[in-house]
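In the numbering used here, the protein residues as written are 10 to 139.
Note that the Cβ used here is the ideal one computed from N, Cα and C, for glycine as well.
Written below as structure tokens is the structure these notes are about.
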């Protein structure tokens with residue numbers, strides 16, 4: 010394609026931009042003292058859905074760039090209790106740690122891992138090899 014570098018290594022850093030952006034949103038969503046109010050768009054379970062997405066997207070992005078999927082999944086699983094403890098203690102005035110949030114986080118990690126290893130962005134819906 011016109012304008013693309015001839016050396017594929019010249020673009021090797023591009024997926025890491027997605028990882029950095031995903032984690033930026035992830036950390037902001039988990040640690041902002043006052044999460045945005047959904048207003049009229051709010052519905053029961055929206056908070057849990059947000060937790061699923063906040064863990065699925067960075068897990069997916071990280072699985073795509075690390076050599077082995079476990080290198081993404083293990084740190085994300087470690088971050089689950091850390092985030093809930095921080096929300097329950099440091100942000101206790103405006104946020105709270107809940108075990109159902111932790112469960113939603115784990116579901117998000119599973120969704121992110123599953124979609125990353127089951128699809129290949131270049132070939133389409135093909136199982137990726139680990």
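Check: Using only CA atoms, which one of 125, 39 and 21 lies nearest to residue 110?; Outcome: 39
Check: Would you give the residue range spanned by the alpha helix (DSSP H) that residue 67 belongs to?; Outcome: 55-74
Check: Using CA atoms only, rank isn't needed, just tell me which of 43, 74, 118 and 83 is closest to residue 22.; Outcome: 74
Check: For residue 118 versus residue 65, is the C-beta spacing smaller than 9 Å?; Outcome: yes
Check: Judging by CA-CA distance, which residue of 63, 56, 51 and 42 is the nearest neighbour of residue 33?; Outcome: 63
Check: By DSSP, does residue 43 sit in helix, in strand, or in coil?; Outcome: coil
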